[in-house]
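**Student:** Supplied in structure tokens, the structure appears directly below.
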Amino acid sequence: MIKTSAPKRVILYLRLSVSKDESVSIANQNKELAALAEREGWEIVATFTDDGLSGGKPREKADKALRMLRDNEADVIAVYKFDRWSRMGARAVADLQDVLDARAANHSPALFIALSDGLRSDSPAWDIQVALMAALGRTERQLIRSRVAAARKYQRSTFRHSGEPAYGYRTIPHPDGKGRALELHPEESAVVRRMVDAVLDGATGYAVAKMLNAEGIKPRRSEKWTAPGVADLLRRDALLGYMTHRRPGENSRTRRPILGEDGLPVQVWPAIVTPEESAQLHAALARRGDWNKMPGAGRTRASRLLSGLVECATCGRTMRVNYTDKLKDGNRAARYVCSAPAGACPAKVSIHADMLEKHLTSEFLNVAGKLDVYEVRESTTRNVGDLAQVEQAIAATAADMAAPGADIAFLAARMAELHARRTALEAVPVETLTETVATGETFAEAWENRDTAGRRKLISSALSRRVVVKPAVKGSRKLDATRLDIPWQWTEPDAIDPAHFDDWEAATENQPNHARERICGTGPPMELTYKPDATDFRRWLLTDAERTVRAEEERLTSGDEDNGRV
0 MIKTSAPKRV ILYLRLSVSK DESVSIANQN KELAALAERE GWEIVATFTD
50 DGLSGGKPRE KADKALRMLR DNEADVIAVY KFDRWSRMGA RAVADLQDVL
100 DARAANHSPA LFIALSDGLR SDSPAWDIQV ALMAALGRTE RQLIRSRVAA
150 ARKYQRSTFR HSGEPAYGYR TIPHPDGKGR ALELHPEESA VVRRMVDAVL
200 DGATGYAVAK MLNAEGIKPR RSEKWTAPGV ADLLRRDALL GYMTHRRPGE
250 NSRTRRPILG EDGLPVQVWP AIVTPEESAQ LHAALARRGD WNKMPGAGRT
300 RASRLLSGLV ECATCGRTMR VNYTDKLKDG NRAARYVCSA PAGACPAKVS
350 IHADMLEKHL TSEFLNVAGK LDVYEVREST TRNVGDLAQV EQAIAATAAD
400 MAAPGADIAF LAARMAELHA RRTALEAVPV ETLTETVATG ETFAEAWENR
450 DTAGRRKLIS SALSRRVVVK PAVKGSRKLD ATRLDIPWQW TEPDAIDPAH
500 FDDWEAATEN QPNHARERIC GTGPPMELTY KPDATDFRRW LLTDAERTVR
550 AEEERLTSGD EDNGRV
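Under numbering that gives the first Met the number 0, the sequence shown has 117 at position 118, and the numbering climbs by one with no breaks.
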């Protein structure tokens, strides 16, 4: 009986840098290589396609095809042209040859075919042909790089845009008739402006991303926004209307603005943010932890509303959050527990987290919920935007000086001018300015619009110190408010002048119904240090009995009106 050998297993590798040329299109490559496999009687075990990748970029699918050949999962790799495999030169050829040599040494020879070039790895002239083709491919790629670099340099010198614009912008025909320019994208630029305003108002990266995702607003290349993604966008110089570029060898995210003759960045396109706002944004992004995590790193377990704001009455230590084992419903109960080590506190205190948070939230919103929020912002007369521009220009000039072939004399003169300008800006006398700004929100609305961290700031700023929790009475299953010492600022003895209560109605008739949210610092990001005016809280200091009487009066009045309508 004659044994027939199994058909060879072939991998078809299809590749095209740009999907335009019909003669070497992916579909045509697949057709030609499939016909080759049929003529040879080979079994196609995999087809890999890298469509639209540049010839010099590593390709995961090409590496996978080579791995399958090395691991004896295939016998042949077939490509349409050898430069479809790689233009990376000798290293790429060496990797391929190493696999072919290893298979031959194991008495299981493999085959590589470049159909259009007539190349076969089992031909006597293989070594010479492949070395020549690799050298030609590498030379061609270097020529292409040079042409592209020259074209981009021309585009920069004539202020013409190339590539994909930053989020918030779109391309339009250049006014001169050649090339492209940028204009604001109506919808996207409005989204960016909302991000900027939210961050300057103290929002966290997580809160901004959550807001956009909840509204169904998506970034261009992802399904949802993340805090690092928001930060990456808000750091971009493109939002200032600058035309940016990347120097050879720099990271793709390292884009520098084009500088004018004075060494400062040139605004070419319409700006979404001002230099002052950009400086404030960079300061915010540099100091907030959740902005700086890499995409995909995830968030650490979220802290509770009152984390760091509650202490044990027995020993005075901060209470931390502990979670019980899973309950019957699959959830875990959270409790605030004294953080003292074992034996360090004679009577460690704990309390149900949800109950405590609900109680404090209710008290806070019952008092402050309907009041308008005002921000008291402190700023300086120093032009931080101009200073930030000069600092940026100094950094860009320093990078230019380190580049090969740099005009050191010219750049050194520019650097001296920039340093002199910075010194002059820093020498301007600084005056602190204070401005009270209405946010347009009530405290209840601000509460709804903030995440846990933002709400914690609202509550903590209304407290003069930490909330003290006393030990519970045995057998109690409900929250006992007498266990809590809540030092609301409006209940402090010196928070209000008792004379204001001689006539409560008269005292409140013409008073503004708001509390002020004091904000310290030279500008956003701003920390809340809530310092309400004494007069803001006069109507809150009614005794429980007075509140009960007033509520009953309102109920009866409402009831009488209802009865009158029946």
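From the three backbone atoms N, C-alpha and C, an ideal C-beta is built for every residue, glycine too.
Every value quoted in this text rests on a predicted model; they were computed, and no experiment measured them.
1) For the beta strand (DSSP E) containing glutamate 310, list its first residue and its last residue.
2) On a CA-only basis, which of Asp200, Arg234, Arg193 is nearest glutamate 214? Give me that one, please.
3) Quick one: what's glutamine 28 bridged to in DSSP?
4) Quick one: residues in its chain with C-beta nearer than 7 Å to the C-beta of glutamate 235, no 5 flanking neighbours on either side, listed in chain order?
5) Could you check the C-alpha separation between arginine 179 and threonine 225 for me, to the nearest Å?
6) Please confirm whether valine 98 and leucine 68 have their CB atoms less than 8 Å apart.
7) Take leucine 308 and list the residues in its own chain whose beta-carbon comes closer than 8 Å to its own, dropping the five residues that flank it on each side.
8) Taking one C-beta from the segment 390-406 and one from the segment 330-346 each time, how about it: are there three or more such pairs within less than 8 Å?
9) Restricting to Cα atoms, I'd like to know which of Ile43, His358, Leu238 is closest to aspartate 479.
10) Reducing DSSP to helix, strand and coil, say where proline 172 ends up.
11) For threonine 120, which residues in the same chain have their Cβ closer than 6 Å to its Cβ, ignoring the five residues on either side in sequence?
12) What does the alpha-carbon distance come out to for the pair valine 336 and cysteine 311?
13) At which residues does the alpha helix (DSSP H) containing asparagine 321 begin and terminate?
14) Thinking alanine 77 and valine 9 are a contact (beta carbons under 8 Å), I'd like their distance in whole angstroms, please.
15) At what residue ranges does the segment 329-416 contain a whole run of the alpha helix (DSSP H), taking only runs of 4 or more?
16) How many Å lie between isoleucine 407 and tryptophan 268 at the Cα?
17) What residue range does the alpha helix (DSSP H) around arginine 566 cover?
18) State the beta-bridge partners of arginine 179 as determined by DSSP.
19) Please report the straight-line C-alpha distance between glutamine 266 and valine 372, rounded to a whole angstrom.
20) At what residues does the alpha helix (DSSP H) containing leucine 68 begin and finish?
21) Determine the DSSP secondary structure at arginine 193, reduced to helix, strand or coil.
22) In whole angstroms, what separates the C-alpha of threonine 360 from that of methionine 354?
23) By Cβ distance below 7 Å, which residues in the same chain neighbour aspartate 261 in space, the five residues on each side in sequence not counted?
24) Indicate the three-state DSSP secondary structure (helix, strand or coil) for glycine 439 in the structure shown.
25) Report the residue from Gly259, Leu258, Glu356 whose alpha carbon sits nearest the alpha carbon of serine 302.
26) Closest to isoleucine 25 by C-alpha separation, out of Leu35, Glu42, Thr46, Glu37, would be which residue?
27) Are proline 256 and threonine 243 close, meaning C-beta to C-beta below 8 Å?
28) DSSP state of leucine 483, grouped into three classes?
29) Please report the Cβ distance between aspartate 70 and lysine 7, rounded to the nearest whole angstrom; I am assuming they are in contact, meaning their Cβ atoms lie under 8 Å.
30) Provide the residue span of the beta strand (DSSP E) that contains valine 229, from first to last.
31) What residue range does the beta strand (DSSP E) around leucine 304 cover?
32) Since valine 468 is in the beta strand (DSSP E), which residue starts that stretch and which ends it?
33) If contacts are defined as beta-carbon pairs under 8 Å, then valine 348 and alanine 333 qualify, I think. What distance do you get, rounded to the angstrom?
34) Would DSSP call alanine 113 helix, strand or coil?
35) In angstroms with no decimal places, state the Cα-to-Cα distance between leucine 11 and arginine 449.
36) Using only the alpha-carbon positions, how far apart do histidine 160 and leucine 305 sit?
**Tutor:** On the basis of the supplied data:
1) 309-311
2) Arg193
3) None; glutamine 28 has no bridge partner.
4) For clarity, residue 235 is arginine in the given sequence; the question names glutamate instead. Result list for arginine 235: Ala165, in chain order.
5) 30 Å
6) yes
7) Arg455, Ile458, Ser459, Leu462, Arg465, Val466
8) no
9) His358
10) strand
11) Note on identity: in this sequence residue 120 is serine, with threonine being the wrong assignment. Hits under 6 Å: Leu99, Leu110, Phe111.
12) 8 Å
13) First-last for asparagine 321: 318-322, but that is the beta strand (DSSP E), not the alpha helix (DSSP H).
14) 6 Å
15) 352-367, 383-401
16) 30 Å
17) The structure shown has nothing for residue 566, since the chain only spans 0 to 565.
18) His160, Pro172
19) 36 Å
20) 59-69
21) helix
22) 10 Å
23) none
24) strand
25) Glu356
26) Thr46
27) yes
28) strand
29) Actually they are not in contact, since the Cβ atoms of aspartate 70 and lysine 7 sit about 16 Å apart, beyond 8 Å.
30) Here valine 229 belongs to no beta strand (DSSP E); instead the alpha helix (DSSP H) covers 226-233.
31) Segment: none, leucine 304 is in no beta strand (DSSP E) and carries neither H nor E.
32) 466-468
33) The pair is not a contact, with the Cβ atoms about 15 Å apart (cut-off 8 Å).
34) strand
35) 54 Å
36) 50 Å
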